[in-house]
Amino acid sequence: MHCIITPVSFDDFIHELGIFKESSFLILEYIIKSSNFNYTIMLLVIAIIIITLYFKAIIELSIKPELSLLLLLFLCFYTFHFNAARQGLLLLYSFIL
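Structure below.
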């Protein structure tokens, strides 16, 4: 069952988001739902974003990127953000900025 999202004005959108809401996840969810994709496409898009931002952050911030990638994979931090997709997007977005 697909959820139909009705378009809102910009003011309604800004008031709906708020400071303590997950704005990037809501925007991503709106784009995917308005395109009539199902949840597997949404999870695939989130996974691609998370992996890309992980690698970008590791390459830019790490002295030894190979060691950082191994630690990321072997200490199970890599799979955590697929279970907590909203928090993963927020965390990776904060690393990039």
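Numbering (the UniProt record's numbering), first residue to last: 1 to 97.
Even for Gly, the Cβ is constructed at its ideal location relative to N, Cα and C.
Practice task
Within its chain, find whatever has a CB closer than 8 Å to the CB of V45; leave out the 5 residues flanking it on each side and keep chain order.
Solution key: Only L28 and I32 meet the Cβ criterion.
Handout entry: Buried versus exposed call for Y54 [16 or more other C-beta atoms within 10 Å across all chains shown]
Key = Around the beta carbon of Y54, a 10 Å sphere encloses 16 or more other beta carbons of the protein chains shown; the residue is thus reported as buried.
Practice task
State the DSSP-derived secondary structure class of A84, mapped to helix, strand or coil.
Solution key: A84 sits in coil when the DSSP states are folded into three classes, being neither helix nor strand.
Problem - Span separating the alpha-carbon of F74 from that of S68 - result: In a straight line, the C-alpha of F74 is about 10 Å away from that of S68.
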